[in-house]
Structure formats: structure tokens, C-alpha cells
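Novice: The C-terminal position of the sequence shown is numbered 246 in my numbering, with every residue numbered one higher than the one before it.
Glycine residues also receive a C-beta, built at the ideal position from the N, C-alpha and C atoms.
Have a look at this one.
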Amino acid sequence: MDGEQDREKQLEDAKMRWLKRYTDWVVKRLMEDDFDEASAAEFLTLVRSEVLKRFPDKAREYNLIYRRRFVRILLRKGIFLNLPEDESVS
């Protein structure tokens, strides 16, 4: 049983490392790239879909943490997005 628990922990740790790297990359893109409202909305829709593929039961957490973080970054650049919190995932 310990081997199985270790494997589960390793998988969870790997998923969390991926999430950290991926969201850091998203933040960098949002800060450095030139987005208009349409392209930013499209980009964040793809980002949300990618995150929820790996964490399908975490839509609420995504909206509370990452969606708000990403929208704040865009607001500082003068881009206002009104993304619905319950948008569907493709």
C-alpha cells in the first residue's frame, strides 16, 4: 500500500509542478504579449480548458485563483474582460 500511496503522491506532485510552470508561463505571456480583448479572451479560454483537462474537478478553484489573477494582470494593461465563471470546457 505504501508504494501505491507514494506513486499517487508523485503523480499529484508532478501535476502541481506542471500547474505552477504553466500558470507562470501564462502570466508571462499576459504581461509581455500584445493582446486585445478578443485575443486575451480566446487565450484565457484555451488556458482554462488546458488546466481543467488535468484538474477536471477544480473549476471553482480555477475561477477563484487563476481566472482572477489573469484578469487582474490584463486590467493593469487596460484590457477589461468579463469572462463568465462557469464557461464550458471543450
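1. Taking the alpha carbon of E168 as the point to measure from, which residue in I229, L220 and F211 has its own alpha carbon closest?
2. Within 10 Å of its beta-carbon, does A194 have 16 or more other beta-carbons around it, so buried, or fewer, so exposed?
3. If contacts are defined as beta-carbon pairs under 8 Å, then I235 and F191 qualify, I think. What distance do you get, rounded to the angstrom?
4. Does the distance from the CB of R223 to the CB of L239 come in under 9 Å?
5. Output the boundary residues of the alpha helix (DSSP H) element that contains E188.
6. Please identify the residue among K184, S205 and E160 whose C-alpha is closest to the C-alpha of R225.
7. Can you tell which of E160, K165 and W174 has its C-alpha closest to the C-alpha of L208?
8. Cβ atoms of L231 and A197: under 9 Å apart, would you say?
Specialist: Short version:
1. As a working mapping, residue 168 is identified with position 12 in the sequence shown. The residue with the shortest Cα to Cα distance from E168 is F211.
2. For the purposes of this step, residue 194 is taken as the residue at position 38 of the sequence shown. Exposed, since its Cβ has fewer than 16 Cβ neighbours within 10 Å.
3. Numbered from its first residue, the sequence shown carries residue 235 at position 79. Numbered from its first residue, the sequence shown carries residue 191 at position 35. The pair is a contact, with the Cβ atoms about 6 Å apart (cut-off 8 Å).
4. In the sequence shown, the residue the question calls residue 223 occupies position 67. In the sequence shown, the residue the question calls residue 239 occupies position 83. Yes. Within cutoff.
5. As a first step, residue 188 must be located in the sequence shown, where it is residue number 32. If you look at E188, you'll find it in the alpha helix (DSSP H) that goes D158 to E188.
6. By one-based count along the sequence shown, residue 225 stands at place 69. For R225, the closest C-alpha among the options K184, S205 and E160 is that of K184.
7. Within the sequence shown, the letter at position 52 stands for residue 208. Considering only alpha carbons, the answer is W174.
8. For the purposes of this step, residue 197 is taken as the residue at position 41 of the sequence shown. For the purposes of this step, residue 231 is taken as the residue at position 75 of the sequence shown. The answer is no: Cβ separation not under 9 Å.
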